[in-house]
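In our numbering, the protein residues as written are 571 to 908. Beta carbons are placed, not taken as given, at the ideal position from N, Cα and C, and that holds for glycine.
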Ligand SMILES: NC(=O)c1ccc[n+]([C@@H]2O[C@H](COP(=O)([O-])OP(=O)(O)OC[C@H]3O[C@@H](n4cnc5c(N)ncnc54)[C@H](O)[C@@H]3O)[C@@H](O)[C@H]2O)c1
């Protein structure tokens, strides 16, 4: 069944779902009872790359963990409920994935989530800095353009900061771009790869369709339309769910894809590349998403923006002011924390 999820080398899902991979990743999901957390935990439990899955939330983790623990795969599963159990959930972890926080409702921007999610991400990453300072931290909680600066500043405060290990998960933008371009051109989506750079909100989401493999030619009107659809794809789901939340299932898939790539690279697989919103020197702002070569210790090499079209160049220039403002907002939040 999972062969249908297989992607070509680089995306790494095929190996993750195969039964021959021998791995022992200890992965924690924080916000594990939520719309993203539950299907993400299911995909992680289904992977032979994972040997221990620890699930934290402020609600329902005993039930989610009991349910998942009956699945006939090797990963052990344990639930942790409430802040006093968070340290035990994190101890010994290699990778921590954070989808904790509130999602959007129709009419909301990701930035509207800041007031609630900033403190959740700050609290959870502070616990990571204390209890698993060496782990890879993958933040899904929005607004990613601010929550990654928050995670960074929190790790700095605890003297545990490593820029190669803190990732804003933007994989869903790549997944959507691959799907939409494949639909347009009649291609197999599993064979399409569109890098998406910048950030993870509206016009800061910059698909590099000029770098798509296989190469695709689109007239400017189609290029503008599909770019807009990729940028607003999250809102498409929020509207369709009509108040019941934002993307959860596709996000769980994307989160799992990112974690499997990271774990593959940590296990020594070569040539694993994923885009992610990270501390960066590739653009005129302190954080930016670009393709990253992953390795045993997280980011091995930032592959940068590469050759782009004038249309894409313009999008980057237009995204920078918003990115800078979101980054500053995150940094100031931590500065003003008691
Ligand atoms: N990066 C992306 O591409 C992307 C895509 C979709 C959604 N998101 C974001 O992911 C987040 C989660 O979305 P969802 O649909 O799963 O929401 P949800 O409300 O279904 O689940 C969130 C979970 O977080 C838990 N939670 C709240 N406060 C917590 C805390 N202090 N500690 C631990 N857990 C806590 C809740 O109990 C709940 O189980 C939102 O911020 C959403 O905007 C990101």
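Only residues of its own chain outside the window of five on either side were considered, and among them 593, 594, 595, 596, 644, 645 and 646 have a CB closer than 8 Å to the CB of residue 621, listed in chain order. With respect to residue 766, residue 845 sits close: the two C-beta atoms are nearer than 8 Å.
Of the other Cβ atoms in all chains shown, 16 or more fall within 10 Å of the Cβ of residue 740; this residue is therefore buried. When DSSP assignments are scanned along the stretch 847–885, no uninterrupted stretch of alpha helix (DSSP H) that is 4 or more residues long falls wholly within it. Between residue 869 and the set 877, 878 and 859, the nearest pair of CA atoms involves 859. Contact annotation: the stretch 663–670 touches the stretch 703–721, with at least three C-beta pairs closer than 8 Å. Measuring C-alpha to C-alpha distances from residue 649 to each of 633, 661 and 796 identifies 633 as the nearest.
Distance between residue 636 and residue 755, taken at the CA atoms: about 44 Å. Shown here, residue 648 sits in a strand according to DSSP, grouped into three states. With a cut-off of 7 Å, the C-beta of residue 744 is classified as distant from ligand 1, since no heavy atom of the ligand falls inside that distance.
Closest by C-alpha distance to residue 795, out of 813, 751 and 812, is 751.
Counting other Cβ atoms within 10 Å of its Cβ, residue 614 reaches 16 or more and is therefore classed as buried. Scanning its chain for C-beta atoms nearer than 6 Å, with the 5 sequence neighbours on each side dropped, one finds around residue 892 the residues 774, in chain order. Residue pairing by DSSP puts residue 600 in a beta bridge opposite 626. In this model, residue 702 and residue 663 are separated by some 6 Å (Cα to Cα). The beta carbon of residue 690 is closer than 6 Å to those of 670 and 671 in its chain, skipping five residues each way along the sequence. For residue 862, the Cβ stays outside the 7 Å cut-off from all heavy atoms of ligand 1. Around residue 812, the same chain offers 676 as residues with beta carbons nearer than 8 Å, after the five sequence neighbours per side are excluded. Look at residue 643 here: in three-state DSSP terms it is coil, with no helix or strand label. Counting along the chain, the unbroken beta strand (DSSP E) around residue 768 starts and ends at 766–768. Between the beta-carbon of residue 688 and that of residue 736 there is about 16 Å, and that puts the pair past the 8 Å contact cut. Between residue 716 and residue 899, the gap from beta carbon to beta carbon is short of 8 Å. In the three-state reduction of the DSSP assignment, residue 777 falls in the strand class. For residue 668, the enclosing beta strand (DSSP E) begins and ends at 665–668. In the structure shown, residue 817 adopts coil according to DSSP, grouped into three states. In the three-state reduction of the DSSP assignment, residue 782 falls in the coil class, being assigned neither a helical nor a strand state.
The Cβ atoms of residue 788 and residue 779 lie closer than 8 Å to each other.
Secondary structure note for residue 841: it is in no alpha helix (DSSP H), with a DSSP letter that is neither H nor E.
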